[in-house]
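Okay, so here's the structure we're looking at.
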Amino acid sequence: MVIIDSESAVILRLRGPLELKCQLDSTDVVFMQKAISTAFEALRLQVKSKSCVLAVCDSPLLIWPNKCVYEEISPETPCEDIFQWIQTNDQESGGKRTTKKKNRKCFSASVLNFSLMTEVTKPGPLSAPILTKTVQRSHFLCATLQVDCAVCSSCSDPIKDGCGRLLEALTRQLFEMEKVFLQHMRGTMVLVPEPLHFLLPEPNGLVTVVFPRDLPDKELEAQRRELHKQFELPDDKPYFRRANTFHFPNEPYKDGYLRNPHAVLTHPALDNGKVYLVQGIYSYHHYMQDRMDDNGWGCAYRSLQTICSWFKQQGYVERCVPTHKEIQQALVDVGDKQASFVGSRQWIGSIEVQAVLDQLLGVTSKIMFVSQGSKLASKGRELANHFLSEGTPVMIGGGVLAHTILGVAWSETTGEIRYLILDPHYTGAEDLQVITDKGWCGWKGPDFWDQTAYYNLCLPQRPRVI
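Taking the UniProt record's numbering, the leading residue of the sequence shown gets 1, the next gets one more, and so forth.
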């Protein structure tokens with residue numbers, strides 16, 4: 001378990017392959033289980049051996065933790081000092097790769113990546129190989145186990161302590177992998193285990209779970225229920241689906257969309273006010289993305305895509321975020337639009353967003369009707385309750401414009417309110433600083449809305465499942 005609760009925390013992450021090799025001379029279940037357990041014990045001994053090497057990624061540093069040998073550094077070197085050895089891709093005039101500055105500050109949840117390696121050569125004279133030949137029928141099991149361990153450390157902790165905890169975590173992970181092998185054996189067929197990291201609510205922090213790689217989430221419900229009991233989590237919200245896997249801060253998202261741009265914003269200060277925010281992760285969808293020119297007509301489509309991304313990334317659904325044509329086809333399928341609507345540039349509103357969520361995701365929504373924008377300020381309690389209980393992004397449409405509400409700052413005593421708005425009308429690149437500095441994602445006051453326009457709000461309801 002890794003608890004990320006300190007501004008001076010660093011995550012040490014160890015990844016690498018381990019080869020599991022096992023000869024099964026009998027198909028007897030008990031014999032095969034003993035043979036597999038013996039093979040896993042050999043791997044655990046390999047991790048404890050003096051040939052085990054931890055290589056700090058993107059650096060020349062090599063560590064032999066079981067021999068207490070540290071090249072270029074000492075065992076007492078603080079974890080934060082390792083960052084000075086991490087190389088960047090910036091090139092100096094002489095062509096050498098530059099290193100990060102030595103006085104680099106260790107920020108919250110920085111990540112030190114290690115690769116797991118093993119020394120192949122051994123000291124002493126080499127002996128000639130001896131060949132033997134044995135003729136018999138047997139099965140040979142060979143699997144590459146991709147281990148992935150993460151532990152938390154203080155920036156000031158000695159690197160030897162962090163490496164020790166990494167090896168302890170790796171040993172525990174191999175025991176968990178062995179359990180997956182043994183529990184899911186089908187004759188001579190086995191399922192390869194896959195370690196996954198999940199960030200749970202406090203006080204749990206970051207935990208690692210081993211699942212069978214080729215089993216879909218729907219076949220792992222019983223195991224997820226046990227995990228919910230173990231970590232005292234509610235049974236109405238998914239925490240251990242693959243979509244909930246923790247995204248390490250140093251890894252870019254492959255699809256190119258920004259996630260949670262609101263996270264860098266400062267909350268507004270209201271007298272006796274509280275902030276109520278979207279719960280979880282979403283991706284920011286806006287005009288001109290995906291090689292789609294929808295400038296001037298696609299704002300509600302983009303708001304809907306942001307909502308769909310939330311349901312996917314929280315693990316409630318597996319389908320991808322729908323395209324404009326898929327959204328249009330869904331409205332035709334439910335009888336809301338004529339066939340000619342598909343491929344058009346026609347606007348949609350909150351009622352259509354509600355219909356598409358139901359048709360494509362099986363998600364129900366509530367509609368809030370507001371007769372004019374000046375009355376939106378009186379909806380603070382309803383919106384605060386929505387973000388507390390459901391936590392989903394809200395689509396709001398009025399006139400010819402649509403926006404996404406990600407939260408509210410609201411004072412119950414004064415009624416003062418601010419809205420956290422994600423604006424789908426943005427047409428630029430995925431530049432977080434531009435998006436936040438220019439207010440495309442930002443806190444807005446009641447005067448942001450057209451005071452005389454009629455507004456509909458679509459409030460998606462979160463399914464109660466694990």
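C-beta: ideal position from N, C-alpha, C; glycine also.
Residue i - DSSP class collapsed to helix/strand/coil
{"i": "A9", "result": "strand"}
{"i": "Y301", "result": "helix"}
{"i": "V209", "result": "strand"}
{"i": "R104", "result": "With a pLDDT of 37 at R104, under the threshold of 50, the modelled position of this residue cannot be trusted; read the value that follows with caution. Looking at R104 - three-state DSSP - the assignment turns out to be coil, as it is neither helix nor strand."}
{"i": "Q328", "result": "helix"}
{"i": "P446", "result": "helix"}
{"i": "G373", "result": "helix"}
{"i": "H386", "result": "helix"}
{"i": "G343", "result": "coil"}
{"i": "E430", "result": "coil"}
{"i": "F246", "result": "coil"}
{"i": "T38", "result": "helix"}
{"i": "P234", "result": "coil"}
{"i": "M117", "result": "strand"}
Sequence-distant residues of the same chain with beta carbon closer than 6 Å to residue i, five excluded per side
{"i": "G280", "result": "Q314"}
{"i": "L270", "result": "A409, S411 and E416"}
{"i": "I348", "result": "A300"}
{"i": "W443", "result": "P268, R418 and L420"}
{"i": "C441", "result": "P261, H262, L422 and I435"}
Member of the options whose CA lies at the smallest distance from the CA of residue i
{"i": "R462", "options": "V278, H324 and L401", "result": "V278"}
{"i": "K34", "options": "G164, C22 and C155", "result": "C22"}
{"i": "E202", "options": "E41, A42 and Y239", "result": "Y239"}
{"i": "V69", "options": "C52, G343 and E226", "result": "C52"}
{"i": "D148", "options": "G391, L18, A9 and S26", "result": "L18"}
{"i": "W449", "options": "Q223, Q230, R137 and I396", "result": "I396"}
{"i": "P195", "options": "T171, F311 and M185", "result": "T171"}
{"i": "S374", "options": "H197, Q433, Y454 and V275", "result": "Y454"}
{"i": "residue 476", "options": "S350, L166 and Y253", "result": "As displayed, the chain neither begins before 1 nor continues past 466, which places residue 476 out of reach and without an answer."}
{"i": "N66", "options": "D58, K50 and D81", "result": "K50"}
{"i": "P446", "options": "V47, A384, F175 and L376", "result": "L376"}
{"i": "D81", "options": "P129, S156, Q346 and K254", "result": "S156"}
Span separating the alpha-carbon of residue i from that of residue j
{"i": "N250", "j": "D423", "result": "26 Å"}
{"i": "I36", "j": "V465", "result": "36 Å"}
{"i": "G95", "j": "S115", "result": "A caution first: G95 carries a pLDDT of 33, below 50, which makes its placement in the model too unreliable to give a value."}
{"i": "P393", "j": "L304", "result": "9 Å"}
{"i": "Q173", "j": "L420", "result": "41 Å"}
{"i": "R13", "j": "L45", "result": "20 Å"}
{"i": "L406", "j": "Q230", "result": "32 Å"}
{"i": "L191", "j": "G399", "result": "55 Å"}
{"i": "E41", "j": "C79", "result": "30 Å"}
{"i": "C163", "j": "Q433", "result": "36 Å"}
{"i": "V30", "j": "Q223", "result": "24 Å"}
Other residues of its chain near residue i: CB distance less than 8 Å, five sequence neighbours each side excluded
{"i": "T323", "result": "D290 and M292"}
{"i": "E326", "result": "L360"}
CB-CB length for residue i against residue j, believed under 8 Å
{"i": "P158", "j": "T38", "result": "Actually they are not in contact, since the Cβ atoms of P158 and T38 sit about 35 Å apart, beyond 8 Å."}
{"i": "D333", "j": "E352", "result": "In fact, because the Cβ distance is near 12 Å, the residues do not count as touching under 8 Å."}
{"i": "Y284", "j": "L258", "result": "4 Å"}
Own chain, CB closer than 7 Å to residue i, minus 5 neighbours either side, in chain order
{"i": "residue 528", "result": "Absent from the model: residue 528. The displayed extent of the chain is 1 to 466, so no value can be given."}
{"i": "L227", "result": "V209 and F240"}
{"i": "F311", "result": "V317, L361 and V363"}
Near the ligand ADP: residue i beta-carbon under 7 Å from a heavy atom
{"i": "L401", "result": "In the structure on display, the ligand ADP does not appear, and there are no ligands present to speak of."}
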